[in-house]
Amino acid sequence: MKDCGDCALCCKLIEVKPLNKPADTWCQHCTKHSCRIWSERPEICKTYDCLWRTTPEMPEELRPSHCKVAFECHEPEKVAIAHVDKDRPEGWRKKPVIGVITKLLREKWTVWVMIGKDRHLLLPEGKKPEEAMKVTRAAHDRVMHGSA
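With positions in the sequence shown counted from 1, the corresponding number in the working numbering is that position plus 1.
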């Protein structure tokens, strides 16, 4: 797994309910390079890994601090979330990010693009919105409540 290095964009983009931290605001514990409460950080922070970190072949240009998008992928549900920095809201529509989204859709992933409170649901060919909502709920329940 790759090291975050100086990237801490997830500390801005993702919502952290235990800290009352909304999406798209910097966490009060983040120095923008590290976490002041690292050893006591919430479980969601401990278990979060962006796609860039977990994918060795993903290039540097897709590091969240560069492209301003952090991808989160949930298997086995095949649900991906693209957390987009609201300071660059169109970033997900441009290369190289749109290439990742296109690849996920071709591989039959449901893709959510989240820009602050705005949500865009992108469906692979043949998938119905009801089906996408069902797998999204399953991924959420598994992550948040430890159920399958």
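No residue lacks a Cβ here, since even glycine has one placed at the ideal position from N, Cα and C. The structure presented is a predicted model; accordingly, all values stated were derived computationally and were not measured.
Between residue i and residue j, what straight-line distance do the alpha-carbon atoms span, to the nearest angstrom?
i, j, result
"C23", "V85", "In the sequence on display, residue 23 carries Pro and not Cys. Cα to Cα, the separation comes out at about 14 Å."
"V144", "K87", "25 Å"
"A71", "A140", "17 Å"
"P77", "V136", "9 Å"
"P60", "G127", "30 Å"
"K18", "R94", "28 Å"
Determine the extent of the alpha helix (DSSP H) in which residue i is found, giving its start and end residues.
i, result
"W53", "L52 to T55"
"M134", "P130 to H146"
"H67", "P65 to C68"
Keeping to the same chain, check which residues put their C-beta closer than 7 Å to that of residue i; ignore five residues upstream and five downstream.
i, result
"H1", "Residue 1 is absent from the model: the chain starts at 2 and stops at 149."
Pull up the CB-CB distance for residue i and residue j, whole angstroms please, since I reckon it's below 8 Å.
i, j, result
"K54", "C5", "In the sequence on display, residue 54 carries Arg and not Lys. Confirmed, about 7 Å."
"L20", "C11", "With a Cβ gap of about 13 Å, L20 and C11 do not count as contacting."
Give me, in chain order, the residues of the same chain whose beta-carbon lies closer than 6 Å to that of residue i; leave out the 5 immediate sequence neighbours on both sides.
i, result
"R89", "K69"
"I102", "V112"
Between which two residues does the beta strand (DSSP E) containing residue i stretch?
i, result
"L123", "D119 to L123"
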